[in-house]
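**Q** Residue numbers (the UniProt record's numbering): 1 to 459. Each residue gets a CB set at the ideal place from its N, CA and C atoms; glycine is no exception. One structure, as structure tokens, below. Some questions next.
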């Protein structure tokens, strides 16, 4: 590694301004390959030692290097920076978050103890959960990471909210096929065999392949309320495949849901806000505890009179969905007397608003809560990012973030929730981030926390 040296050049302004400009040059043994230039104008009381002042300032900023390559000989790549505060703004917040999270990373045992200590004694816990909490242990590691990254790195389309959940979840249908073939060929190549869902052909895997081949712009059409009312057939076919997949794989919960159920039985669980659409949280915890922030795949409702139908019954109300006559393609039932009535999925579609319960319950829950646990979601999307902004204003709330490493890599500077901004900048000690090692799943980590909590209660 080349040795690094820094040199500074000082130039004073008129004595009346008491200013100084500072330039920092970055050298290595191969010569001045890159020139870095930090220039700031400082005001300091008359009579201060200009060199002492500059030396102290230079010490504080010398490690903040901002490079700029250029072929121009006249300006040598200098870029003027007006103030020290602007210097600091140049540091990427997402990089700062990742750096601080990894610097403060605990051993597995320490992370379990820290989490247990934070949860123990809390009385009004709000949990915010995403699809990652349900899918990580059910998917091959490479599929899970690829799907999760693709979901949370989409920022150009509202439909990506829903698409992200589905992109992760539809792969689960192929997991049983993969496991079966791995068992049969267990002695051939152990776990090093590169297996992807597309490699196998069966009735079940074909559905997964068809879904995987749908492009993002098509997804936008599938989850657009105006498009659905105009021609419901593509969306209905897609949702039916997904509904069948959920029923096969989500009849039971995960250890995360066992943990939430335990909190509920102990009267410590105030609310669960979920970004998942599979309905598993409601099946286990009940409607009064769970708020589906992006809707649910459990059925349809009329957009005029509010009539609710379960998923299977609702599909039967679209007998003419392939008709060229737009007026008779809409889902109907005998209880819908108004001509303008029509069924739509219980999902948040593009051009829709988020469920009103999110804000109505959220404001009250945030004011009453003493802890928020974030499991398997970066909270970089609305509406939960909005709730966390409110939570950051309640200084009595402690937050605990349980994130796999892949989620930490998905943050952009403009979508980091307020509590994590505080954590990254070191301005608050009430926000706690646990980044799980690659070999540790959310399920296993939460199970360990639950075991610790039960152990404390029995002593």
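If I follow the unbroken beta strand (DSSP E) through residue 288, where does it start and stop?
**A** Element bounds for residue 288: n/a, residue is neither H nor E.
**Q** Can at least three beta-carbon pairs, one atom from the region 274-294 and one from the region 391-398, be found at a separation below 8 angstroms?
**A** Contact fails: fewer than three Cβ-Cβ distances are below 8 angstroms.
**Q** Report yes if the CB atom of residue 243 is closer than 7 angstroms to the CB atom of residue 297, and no otherwise.
**A** Yes, Cβ-Cβ distance for residue 243 and residue 297 is below 7 angstroms.
**Q** Use the C-beta contact count for residue 456: other C-beta atoms within 10 angstroms, 16 or more gives buried, fewer gives exposed.
**A** By the neighbour-count rule (16 or more Cβ atoms within 10 Å), residue 456 is not buried but exposed.
**Q** Whose CA, out of 282, 264, 304 and 441, lies closest to the CA of residue 295?
**A** When only C-alpha atoms are compared, the closest one is 282.
**Q** Which whole-angstrom value is the C-beta distance of residue 369 and residue 124, which I expect to be below 8 angstroms?
**A** So it is a contact: roughly 5 angstroms between Cβ atoms.
**Q** Taking 7 angstroms as the threshold (C-beta atoms), are residue 349 and residue 317 in contact?
**A** Not in contact: residue 317 and residue 349 (Cβ atoms no closer than 7 angstroms).
**Q** Can you list the beta strand (DSSP E) stretches of 3 or more residues lying completely in the region 403-440, in chain order?
**A** Entirely contained in the region 403-440, the beta strand (DSSP E) runs reaching 3 residues are, in chain order, 431-436.
**Q** Quick test of the definition: if touching needs 3 or more C-beta pairs under 8 angstroms, does the region 396-403 touch the region 427-440?
**A** Output reads yes: the region 427-440 touches the region 396-403.
**Q** What separation, rounded to the nearest whole angstrom, lies between the Cα atoms of residue 234 and residue 222?
**A** Approximately 7 angstroms between the Cα atoms of the pair.
**Q** Are residue 314 and residue 96 closer than 7 angstroms when you measure CB to CB?
**A** No, the pair does not count as a contact, with Cβ atoms beyond the cut-off.
**Q** So, at 8 angstroms on beta carbons, what are the nonlocal neighbours of residue 409 in its own chain, with the 5 sequence-adjacent residues on each side left out?
**A** For residue 409, where only same-chain residues beyond five positions count, the Cβ hits under 8 angstroms are 98 and 149.
**Q** What residue range is occupied by the uninterrupted beta strand (DSSP E) comprising residue 271?
**A** Where residue 271 is concerned, the enclosing beta strand (DSSP E) stretches over 269-274.
**Q** Kindly list the residues whose CB is nearer than 7 angstroms to the CB of residue 438, restricted to its own chain and excluding five residues on each side of it in sequence; keep chain order.
**A** Same-chain partners within the cutoff: 405.
**Q** Whose CA, out of 152, 102 and 138, lies closest to the CA of residue 415?
**A** Of 152, 102 and 138, the residue nearest in Cα terms is 152.
**Q** Can you check DSSP and say which residues form a bridge with residue 300?
**A** According to DSSP, residue 300 bridges with 309 and 345.
**Q** Do you know offhand how far residue 440's Cα is from residue 140's?
**A** Spanning the two alpha carbons is a distance of roughly 14 angstroms.
**Q** Which one or two residues does DSSP pair with residue 358 in a beta bridge?
**A** Note: residue 358 sits in no beta bridge, so no partner.
**Q** So the candidates are 381, 374, 386 and 412; which of them puts its Cα closest to the Cα of residue 118?
**A** Comparing Cα positions, the closest option is 374.
**Q** Spatial neighbours of residue 426 within its chain, please: CB distance less than 8 angstroms, with the 5 preceding and 5 following residues excluded, ordered by chain position.
**A** Counting only Cβ-Cβ distances below 8 angstroms, and skipping sequence neighbours, we find 100.
**Q** Could you tell me which uninterrupted alpha helix (DSSP H) segments, each at least 4 residues in length, are contained entirely in the region 369-396, listed from first to last along the chain?
**A** Within the region 369-396, the complete alpha helix (DSSP H) runs of at least 4 residues are 384-391.
**Q** Thinking just about the alpha-carbon of each residue, which of 356, 288, 419 and 147 is nearest to the one in residue 264?
**A** For the residues 356, 288, 419 and 147, the minimum Cα distance to residue 264 belongs to 288.
**Q** In this structure, what does DSSP give as the bridge partners for residue 125?
**A** Bridge partners of residue 125: 269 and 371.
**Q** By Cβ distance, which residues of its chain are closer than 6 angstroms to residue 495, with the 5 residues on each side in sequence left out?
**A** Coverage of the chain is limited to positions 1 through 459, which leaves residue 495 absent and any answer about it impossible.
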